[in-house]
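Numbering (the working numbering), first residue to last: 459 to 858. Glycine included, each C-beta is placed from N, C-alpha and C at the ideal position. Being a predicted model, the structure only gives us computed values, none of them experimental. What follows is a single structure, written as structure tokens, with notes after it.
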């Protein structure tokens, strides 16, 4: 028996595709017994907890990020995992000195923090030539080094217009940092729910562009000729937007190479964010590309409704976006699903296609969720796929 330790968060719920709800003021025990259906484990045994700010399940450990005032620390032997890292990726990534990033971020002052997760913090920075950066610092932990190397390996293997590119990295003494381009529009979460929310600027056409771009990114990840990738943390805060609202999927800190020999892998370190977690992953630790599909379905509901995936201010029984939306999707009264800020400025055919895609993606059974390649065709308006999707949504399994 292993446990997920979850800190109390007032008003938050854990939601499953069933009639029950659970307060997060508890310790959730999940039994991982006799897992013989997978030949791969994710990262070993580890406790997890709920991040009260983002609703993310994150590894338990030291959450205090300590940045020394001087980079001139005592030099330590280079860990085996880092040997040859620069030579291997020097053609695509820049190796930064720690003092360069300290200078670029003004010594990582709080005012420059633009993101915070369970295992990392992200700061805005600027180089001497004016180039703006997003600097991700991994917090010290037992697995930080392994996660650092894996994220570099995965992100440098990916080449897609809707996936963030790694600009550089830094490993110096105990400091592990990843450097990305800074995107001025911020995240999808900020544009839908936060301080960048501008209904007139982020209208229906922009939302639909984001939906297609993220779908294409996930289709690329899941169907690469080389080893496919499972992102494991698809959410609106990990979708960054360019000036023209072109989306880029980011933060591959939880990403895994898909198993080449099994239908899924089993993770003992369940990690992610409530509102996006597929039931089979949260309850049993089973991971394949269909957990990304489920999370993408929640993204579509966010784009349609403008609501957060978990809303503690909503009436009782409506805190979960997925649980709130399912009866509306079943009733086909789509107008009640749409963000009021959109008014009448939306394309009815595109709304139907996005609703169909969301309905299929959030199905409880993984096998009932579509491949992302079909979702892309559906959103692009492929007539045969639209017809297929209508039949699927009206099938006996429905949204259960």
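- Going by beta carbons, residue 621 and residue 685 fall outside the 8 angstroms limit.
- Residue pairing by DSSP places residue 637 opposite 593 and 626 in a beta bridge.
- Distance from the CA atom of residue 667 to the CA atom of residue 674, rounded to whole angstroms, is 11 angstroms.
- Between the alpha carbons of residue 785 and residue 820 lies a distance of about 13 angstroms.
- Judged by DSSP secondary structure, residue 665 falls outside any beta strand (DSSP E) and instead within the alpha helix (DSSP H) spanning 662 to 680.
- Annotated three-state conformation of residue 706 is strand, per DSSP.
- Around residue 578, the same chain offers 594, 595, 596, 597 and 711 as residues with beta carbons nearer than 7 angstroms, after the five sequence neighbours per side are excluded.
- DSSP links residue 563 through a beta bridge to no other residue.
- Check the Cα spacing between residue 728 and each of 538, 741 and 698: the tightest is with 741.
- Taking a 10 Å sphere around the C-beta of residue 617, we find fewer than 16 other C-beta atoms and assign the residue as exposed.
- Nearest to residue 643 by C-alpha distance, out of 812, 610, 664 and 834, is 664.
- Secondary structure of residue 848 (DSSP, three-state): helix.
- Secondary structure note for residue 584: it is in no alpha helix (DSSP H), and the uninterrupted beta strand (DSSP E) holding it is 578 to 584.
- With respect to residue 803, residue 779 sits apart: the two C-beta atoms are not nearer than 8 angstroms.
- Distance from the CA atom of residue 614 to the CA atom of residue 724, rounded to whole angstroms, is 25 angstroms.
- Per DSSP, the beta-bridge partners of residue 573 are 580.
- Comparing alpha carbon positions, the residue from 716, 561 and 694 closest to residue 683 is 716.
- Taking the Cα positions, residue 737 is about 7 angstroms away from residue 822.
- The beta carbon of residue 585 sits closer than 6 angstroms to the beta carbons of 562 from its chain, once the five residues preceding and following it are set aside; these are given in chain order.
- Listed as beta-bridge partners of residue 778 by DSSP are 768.
- The alpha-carbon of residue 660 is positioned some 22 angstroms away from that of residue 814.
- Between residue 697 and residue 714 a beta carbon distance of about 19 angstroms is seen, past the 8 angstroms cut, so the two are scored as non-contacting.
- Look at residue 645 here: in three-state DSSP terms it is strand.
- Put simply, of 625, 635, 557 and 582 the residue whose alpha carbon is nearest the alpha carbon of residue 605 is 635.
- Take the alpha-carbon of residue 701 and the one of residue 573: they are about 19 angstroms apart.
- At a Cβ-Cβ threshold of 8 angstroms, residue 800 and residue 851 do not count as neighbours.
- Around the C-beta of residue 545, fewer than 16 other C-beta atoms lie within 10 Å, and the residue is accordingly described as exposed.
- Spanning the alpha carbons of residue 648 and residue 547 requires a straight line of approximately 32 angstroms.
- Per DSSP, the unbroken alpha helix (DSSP H) holding residue 608 starts and ends at 602 to 614.
- Residue 726 carries a coil assignment under DSSP once its states are collapsed to helix, strand and coil.
- In its chain, beyond the 5 residues on either side, 540 have a beta carbon closer than 6 angstroms to the beta carbon of residue 629.
- Contact annotation: residue 582 and residue 570 have beta-carbon atoms nearer than 8 angstroms.
- Across the structure, residue 806 and residue 794 are spaced so that their CA atoms are roughly 13 angstroms apart.
- By the C-beta density criterion, residue 773 is exposed, having fewer than 16 other C-beta atoms within 10 angstroms.
- By the neighbour-count criterion, in which 16 or more other beta carbons inside 10 Å mark a residue as buried, residue 848 falls on the exposed side.
- Contact annotation, residue 834 with residue 677: C-beta distance approximately 5 angstroms; criterion of less than 8 angstroms satisfied.
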